[in-house]
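Novice:
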Amino acid sequence: VADPPRGAPDAELVRRFLAGDAGAATELITRHERRVYAVCLRVLGNPDDAADAAQDALLAMVRKLDGFRGEAAFTTWLYRVAMNVCYDHLRRAQRRPVLRREDDDPAPEPSLEDHADAVAAAHDVAAALVQVPEDFRVAIVLADVHDLPYDEIAKVLDLPVGTVKSRVHRGRIALARALGIEPASEPDDRSAASKETRR
Amino acid sequence: MSHPGPLLADYVDGTLDPSARAKVDAHLRTCATCRGEVALAEAGAHAADALGAPAAREGLGDAAIAEASRMAAERNPEVTSIAGRARRRPTTSRVMAAAGAAAVTLLLVIVAPKLGQSSGQDFAATGAAGASPAARAYRPATGVEVQHANYSFGALPDVVSGLRTAYATANGLSAAPAMNAPGSAGAEATAVPSLPPAQDASADPSKLPKAMACLNKAFDTPSGTLSRVILASYEGQPAYLGVYLIGPGADLPPTLLQLNVASVRGCDPLGQTTARL
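Chains as they are written, first to last, in our numbering: chain A, 204 to 402; chain B, 34 to 310.
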């Protein structure tokens, strides 16, 4: 999901926008809109809600740019803005059923290795992900889908690193269970054979 | 060792240092609960890792871009980074930003005579490139123009009236009203357009499909040729302004000019005004 920035660094674009250069904000928005949509999609679970949230998050980003102090990486700050918007959407959607298939989301980018099984598997994972409790889901989306380091996730969510690690671990377990995976039952004194069967 | 909960995420990631890893391994040999959880967590991490990037959605940043343009115009009206901006645009933005939305209609009328003159000339220059009068008249929009402006509901009839005057001037269909006549209230009203640069270098072709889809959704696919699309603010919210030329068909010149305004968020119809050409 992460792509190396090209052109001026993010912080430079922020500075130029704050000096009145609208084009600098356009470049920031264009550079990050896919990332914002991707994270919203995995947290919210369906493309239309994610598109709404991504639009709101990008608007919020623009309106809050003068609050970006450059202490954290711009992407960390942006994930924080996006997660706040996603949590707002989750709260608003609490009365609605969350579990929906992403029928218009072909999931992974096309690649040479792509085949029907992989696409179907990604659909299953996306559907299972929305069954994971939201705090755990947010943690694994940032850690395992967007590959953010734990200390960065701690800044995004304003949580201690230990809490982030715990949520990631619980989230991974919940995702596996939502996919119908159960650990092989085994006598207590045997070594962890299940590890070898997976990798 | 008690259950090594806080270490298990790192254990699954394979990022524990060797001594910590050895301790966890020792615990796992004796604890079926943790062993089962680690196996599940590994499966979960592997599944999440396989999700990949979703298909792209177009136009997600359009509302933010319009907002950024508005904010930048307020912040520093003299800096206009989007290519091909009308020279007088900053003046309008500065005046409107200072005055606030409530007074916009009135101010447009006051500022208008200056804008109207360049508007007609821009249309004339654009039209001269066309092959035949009819082909020229129906030239479709090639991109979305981004404008630092906030249009108001009350100004729409004047905007359309100004567009009509500019269109007539460009296509030589009839003499333009005496826009420069001093002291004429009618001339000031028709000069209000403030939609100057016609299909200039700032028109962004990549935004056109999303903008057209939005205008079509809001107005149920209106008839006519979409000749210009502007991304700006309307009553304080990001909006697409579509200028349609509607004719009797058979390559005859258009007889109606219609301005449709749709919200960027949700593609709802916000306003519509029609003028006879």
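Quick reminder that beta carbons are idealized off the backbone N, C-alpha and C, glycines included.
Alpha carbon to alpha carbon, how far is B:Ser194 from A:His235? Give it in angstroms, no decimals.
Specialist: 40 Å
Novice: Between B:Cys64 and the rest of its own chain, which residues show a CB-CB distance below 8 Å, the 5 nearest in sequence each way excluded?
Specialist: His36
Novice: Output needed for B:Gly257: all residues of its chain with C-beta closer than 6 Å, excluding positions within five of it in sequence on either side, in chain order.
Specialist: The beta carbon of B:Gly257 is closer than 6 Å to those of Tyr277, Leu278, Ile279 in its chain, skipping five residues each way along the sequence.
Novice: What's the C-alpha gap between B:Arg68 and A:Val364?
Specialist: Rounded to the nearest whole angstrom, the C-alpha separation of B:Arg68 and A:Val364 is 23 Å.
Novice: Nearest-angstrom Cα distance between B:Leu40 and B:Pro302?
Specialist: 55 Å
Novice: Flag this pair as touching only if the stretch 341–357 of chain A and the stretch 370–384 of chain A have three or more C-beta atom pairs under 8 Å; answer yes or no.
Specialist: A contact exists between the stretch 341–357 of chain A and the stretch 370–384 of chain A.
Novice: Is the Cβ of A:Pro250 closer than 9 Å to any Cβ of chain B?
Specialist: yes
Novice: Using DSSP with H/G/I as helix, E/B as strand and the rest coil, what is A:Thr366?
Specialist: helix
Novice: Give the residues of chain B in contact with A:Met264, contact being defined as C-beta atoms less than 8 Å apart.
Specialist: Ala97
Novice: Per DSSP, what are the beta-bridge partners of B:Asp237 in this structure?
Specialist: B:Val177
Novice: Does chain B have any CB closer than 9 Å to the CB of A:Val217?
Specialist: no
Novice: Can you confirm whether A:Thr278, when its beta carbon is compared against all beta carbons of chain B, has any partner nearer than 9 Å?
Specialist: Closer than 9 Å: no.
Novice: List the whole-angstrom C-beta distance separating B:Ala308 from B:Tyr273, where the pair is believed to meet the contact cut-off of C-beta under 8 Å.
Specialist: Contact flag wrong, Cβ pair sits at about 19 Å.
Novice: Quick one: which chain B residues come within Cβ less than 8 Å of A:Lys358?
Specialist: Correct list: empty, because the minimum Cβ distance to chain B is about 17 Å.
Novice: What residue range does the alpha helix (DSSP H) around A:Thr279 cover?
Specialist: 277–295
Novice: Quick check on the burial criterion: 16 or more other C-beta atoms within 10 angstroms. Buried or exposed for A:Asp224?
Specialist: buried
Novice: With 9 Å set as the bound, which would you pick, yes or no: does the beta-carbon of B:Val45 sit closer than that to a beta-carbon of chain A?
Specialist: yes
Novice: Report the rounded CA-to-CA distance for A:Gly226 versus A:Ile232, giving the unit in angstroms.
Specialist: 10 Å
Novice: Let me know if B:Thr48 comes out buried or exposed under the rule of 16 or more other beta-carbons within 10 Å of its beta-carbon.
Specialist: Flag for B:Thr48 reads exposed.
Novice: So, using beta-carbon positions, are B:Thr306 and B:Val192 closer together than 9 Å?
Specialist: yes
Novice: Of all Cβ atoms in chain B, is any one closer than 9 Å to the Cβ of A:Glu385?
Specialist: yes
Novice: Apart from the five residues on each side of it in sequence, which residues of its chain come closer than 7 Å, Cβ to Cβ, to A:Asp338?
Specialist: Arg370
Novice: Quick one: is A:Thr229 buried, meaning 16 or more other Cβ sit within 10 Å of its Cβ, or exposed?
Specialist: buried
Novice: Output, in sequence order along the chain, the residues in the stretch 248–280 of chain B whose CB is closer than 8 Å to any CB in chain A.
Specialist: none
Novice: For the stretch 254–267 of chain A against the stretch 235–244 of chain A, do three or more pairs of beta-carbon atoms, one drawn from each stretch, fall closer than 8 Å, so that the two count as touching?
Specialist: yes
Novice: Quick check on B:Val262: does DSSP put it in helix, strand or coil?
Specialist: Annotated three-state conformation of B:Val262 is strand, per DSSP.
Novice: Could you work out which residues of chain B lie near A:Leu261, taking near to mean beta carbons separated by less than 8 Å?
Specialist: Leu93, Gly94, Ala96, Ala97
Novice: Using a Cβ-Cβ cutoff of 7 Å, what residues of the stretch 283–306 of chain B are near chain A? List them in chain order.
Specialist: Arg298
Novice: Taking the alpha-carbon positions, what's the B:Ala55 to B:Leu61 distance?
Specialist: 10 Å
Novice: Measure the C-alpha to C-alpha separation of A:Val246 and B:Ala182 and round it to an integer number of angstroms.
Specialist: 35 Å
Novice: Could you tell me which chain A residues have their CB closer than 7 Å to the CB of B:Leu41, listed as they occur along the chain?
Specialist: His372
Novice: Does the Cβ-Cβ distance between A:Ile376 and B:Glu70 come in under 9 Å?
Specialist: yes
Novice: Give the secondary structure of B:Pro271 by DSSP, where H, G and I count as helix, E and B as strand, and everything else as coil.
Specialist: Note: B:Pro271 maps to strand in three-state DSSP.
Novice: Mark A:Glu355 as exposed unless 16 or more other C-beta atoms lie within 10 angstroms of its C-beta, in which case mark it buried.
Specialist: buried
Novice: Should A:Val367 be counted as a contact of the ligand ZN given a C-beta to heavy atom distance under 8 Å?
Specialist: You won't find the ligand ZN in this model; it holds no ligand whatsoever.
Novice: On the criterion of 16 or more Cβ atoms from any shown chain inside 10 Å, does A:Pro250 qualify as buried, or is it exposed?
Specialist: By the neighbour-count rule (16 or more Cβ atoms within 10 Å), A:Pro250 is buried.
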